[in-house]
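Trainee:
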Amino acid sequence: MTPPLLQNLPPTRLGELLLKHTSLTQEQLEECVKLQEEEGGRLGDILLRKKYVMPHEIMRALCAQIDLPYIDDLKPNEIDPKLVDKLPINYARTREVLPIENKDGVVTLAVSDPFNLESFEDLRVLFGCPNIRTVVVTSNRLQDAINRVYERNTSNMIQDINKEDEENYDDLEGPIDILDATEDEAPVIRFVNSVIFRAVKEKASDIHVEPYEKETVIRFRVDGIMHDILHQPKKVHAAVSSRIKVMGNLDIAEKRIPQDGRIFRKVAGKEIDIRLSTIPTQFGERMVMRILEKGGELLSLERLGFEGETLENIQKQVSRENGIILVTGPTGSGKSTTMAACISRINSEDINILTAEDPIEYQLNGVGQLQVNAKIDLTFARALRSFLRQDPDVIMVGEVRDSETADLAVTAALTGHLVISSLHTNEASGAFPRLIDMGVEPFLVASSVNAVLAQRLVRRVCLKCRESYEATALELQELGVRNVKGPITLYKSVGCVACSHTGYSGRINVHELLVMDDAIRTLIMKNADSATIRKAAMDHGMLTMREDGARKVLSGVTTVQELSRTLHADDM
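Mapping of the sequence shown onto our numbering: position 159 corresponds to residue 149, and the numbering continues sequentially without gaps.
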């Protein structure tokens, strides 16, 4: 995105500045100007998209032109956290302003847009200081500095909570009255907000708040792995749990039964939907918050890890007019993301797509998305039955959980609809016995299912700190690599600041795609077991998860250890 400073700058003036102060060539500029004439939009956006210039180069060039100080390396650790005590973090993030110094009656602000005069007036009043000096920083660096400076206040927040009336904590029967407290007044509110913010920043999928006899532990699940984040005295748990329940619109006086709620927050400019679940335990209410980014980036099939013949087959299957495509795997294996990517691939104005999901994780433009709700008996089966009266071309059902949903999915597939859904099975061949166990006749399974995709998620090894080494004979045996001439280079995880010292960053899936053919249909109608169907599929060229994982290890995407952990020793 074009930096705020450039958004109102005439294109001709922008081109002159960049030619003078950056490595941009006249040919590159003319190419982008031509694209702007054809496509519209801002020239700055096109230059950044083509990677002919970087945001910091643009910023530095403009600052040189208007004689403003530009900081390349803002050092948040050198900023006094007390400077931001009066400034709400949401304001700092939204307006992209951060006080970095207050000296001799002059407040120095780091900003991404020095022409944001309204913010300067606000801060003059806030700090009671008429003299404001500005330095310019790129948006990304400034947001990172804001995050770090406010994070350093977390420990102070904990101390503030501990300093509150300890007797009230020890004797606490009901919830703390914090409904009318502002963010600046209640340390517990600031603490909970900081935990949520840190979880979003570290790309955690879940926040766990776990009370024990003498302490409360906060843990994050990042890339499928649990990490200890904070250990706090037990006496703060009542305040923290009450605050979270208030945010989730739960009954804060009820602590004997499980409860479910939702929290909506805007964190670092992103709209976050948090699913809250509480259960009573021996030492207090245990809470899990699942983080869903509303309107989050929908990954393409390629970025999810599909390639080559498997990618072509998936594209062919999702382009069919009828039948069932199943995505299988355990909870947390990325099934919903894969199904959403399939829907996104075929989404167009000339087809009607309806989905029933729990929850809705991705916003799909042009798609009718329904959130199931068991409390009002809006189940997958009921949604699917209603969909059939809505003239759909493609139906996505979050999960086939029972015989009624399975029967309706088969009926929809046999009456000219493409159905995409998921099942909980460990491998692709296990989907057929599972459907038959639900009561679907074998001949209906054989005639309605087009393909089954089984998958798992493995962590990507961090590219910034990974180390290469020569594969051992045992590792090659585990990968199924035989008759190798010469050494094979693999990579191992190390750990650095970029990956929070885990050695891994992000995840990619490993998968197997079973496409229906006559031989497999015959086996299904004979009620063959999963192993027999799997062997037939492999004989007809199915690439197994183990083989796909081995390819990703050999290409340096992940490690032998990670693949072994994900697929387990018996699958390796």
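By construction, the Cβ of each residue, glycine as well, lies at the ideal position given by its N, Cα and C atoms.
Being a predicted model, the structure only gives us computed values, none of them experimental.
Whose C-beta lies closer than 7 Å to the C-beta of R246 among residues of the same chain, with five residues either side of it excluded?
Mentor: Contacts found: P270.
Trainee: Does DSSP put I485 in a helix, in a strand, or in coil?
Mentor: The question names Ile, but residue 485 is Gly in the sequence shown. Looking at G485 - three-state DSSP - the assignment turns out to be coil, as it is neither helix nor strand.
Trainee: For S290 and Q249, what's the separation of their Cα atoms in angstroms?
Mentor: Whole-angstrom Cα-Cα distance: 35 Å.
Trainee: For the beta strand (DSSP E) containing L413, list its first residue and its last residue.
Mentor: 408 to 413 is the extent of the beta strand (DSSP E) around L413.
Trainee: Where does H221 land, buried or exposed, given buried means 16+ other C-beta within 10 angstroms?
Mentor: When all chains shown are included, H221 counts as exposed.
Trainee: Figure out for me which residue from V278, I264, T549 has the closest Cα to the Cα of T462.
Mentor: The residue with the shortest Cα to Cα distance from T462 is T549.
Trainee: Out of curiosity, what's the CA-to-CA distance linking K306 and M44?
Mentor: K306 and M44: Cα-Cα distance of roughly 39 Å.
Trainee: DSSP three-state label for L273, please.
Mentor: The question names Leu, but residue 273 in the sequence shown is Phe. Three-state result, F273: coil.
Trainee: Quick check on this structure: which residue in I36, I61, L33, R265 has the alpha carbon closest to the alpha carbon of H46?
Mentor: Closest option to H46, Cα to Cα, is I61.
Trainee: Please list the segments of the alpha helix (DSSP H) lying wholly inside the region 316 to 369, counting only runs of 4 or more residues, in order along the chain.
Mentor: Counting only runs of 4 or more, we get 325 to 336.
Trainee: Pick helix, strand or coil for D115, following the three-state DSSP scheme.
Mentor: The sequence shown places Val at residue 115, not Asp. Reduced to three states, the DSSP call for V115 is helix.
Trainee: May I ask you to verify whether the region 227 to 238 touches the region 194 to 213, counting CB pairs closer than 8 Å and requiring at least 3?
Mentor: As far as the Cβ criterion goes, the region 227 to 238 touches the region 194 to 213, which means the pair count is three or higher.
Trainee: Using the Cβ count rule (16 or more neighbours within 10 Å means buried), how would you classify M506?
Mentor: Per the 10 Å Cβ criterion, buried.
Trainee: Pull up the DSSP beta-bridge partners for D250, would you.
Mentor: According to DSSP, D250 bridges with S267.
Trainee: Report the partner residues of T15 according to the DSSP bridge assignment.
Mentor: Beta-bridge pairing links T15 to no other residue.
Trainee: Rounded to whole angstroms, what's the CA-CA distance from G313 to A441? Just pull it up for me.
Mentor: When rounded, the distance between both Cα atoms is 9 Å.
Trainee: Cα separation between N183 and G295?
Mentor: Distance between the alpha carbons of N183 and G295 is about 34 Å.
Trainee: Does DSSP put N158 in a helix, a strand or coil?
Mentor: In this predicted model, N158 has a pLDDT of only 39, less than 50, meaning its place in the structure is not dependable; the value taken from the coordinates is given anyway. The answer is helix: DSSP assigns N158 an H, G or I state.
Trainee: Where do the ends of the alpha helix (DSSP H) carrying T206 lie?
Mentor: Not the alpha helix (DSSP H): T206 falls in the beta strand (DSSP E), residues 205 to 212.
Trainee: Where does A418 fall in DSSP's three states?
Mentor: Helix.
Trainee: Taking C-beta to C-beta, are S520 and S438 nearer than 7 Å?
Mentor: Cβ distance not < 7 Å, so S520 and S438 don't count as in contact.
Trainee: Helix, strand or coil for P71? Go by DSSP, reduced to three states.
Mentor: P71 falls in the helix class under three-state DSSP.
Trainee: What distance in whole Å lies between the Cβ atoms of E389 and F377, which are believed to be in contact at a cut-off of 8 Å?
Mentor: No, F377 and E389 are not in contact; Cβ-Cβ is about 15 Å, not under 8 Å.
Trainee: Less than 7 Å separating the beta-carbons of V125 and V74?
Mentor: The answer is no: Cβ separation not under 7 Å.
Trainee: Measure the alpha-carbon distance for L544 versus T300 and round it to whole angstroms.
Mentor: Taking the straight line joining both Cα atoms gives about 18 Å.
Trainee: What does the alpha-carbon distance come out to for the pair N137 and A488?
Mentor: Taking the straight line joining both Cα atoms gives about 15 Å.
Trainee: Using a 10 Å radius around the Cβ and a threshold of 16 neighbouring Cβ atoms, would you call S483 buried or exposed?
Mentor: So S483 ends up on the buried side.
Trainee: How big is the Cα-Cα spacing for Y81 and N121?
Mentor: Each residue's Cα considered, the two are about 20 Å apart.
Trainee: Hey, how far is the Cα of V400 from the Cα of V471?
Mentor: For V400 and V471, the distance between alpha carbons rounds to 40 Å.
Trainee: Can you tell me whether G31 is helix, strand or coil according to DSSP?
Mentor: Coil.
Trainee: Identify whether P201 lies in helix, strand or coil by the three-state DSSP scheme.
Mentor: The answer is strand: DSSP assigns P201 an E or B state.
Trainee: Expressed to the nearest angstrom, what Euclidean distance is found between the alpha-carbon atoms of L408 and N303?
Mentor: Whole-angstrom Cα-Cα distance: 15 Å.
Trainee: Mind checking whether V317 and L443 have CB atoms under 7 Å apart?
Mentor: Yes, these two residues count as a Cβ contact at 7 Å.
Trainee: If I follow the unbroken beta strand (DSSP E) through H217, where does it start and stop?
Mentor: That run of the beta strand (DSSP E) goes 215 to 223.
Trainee: Going by the DSSP bridge assignment, what does G238 pair with across the sheet?
Mentor: For G238, which the question treats as bridged, DSSP gives no partner whatsoever.
Trainee: Provide the residue span of the beta strand (DSSP E) that contains L294, from first to last.
Mentor: No beta strand (DSSP E) contains L294, which is instead part of the alpha helix (DSSP H) from 291 to 294.
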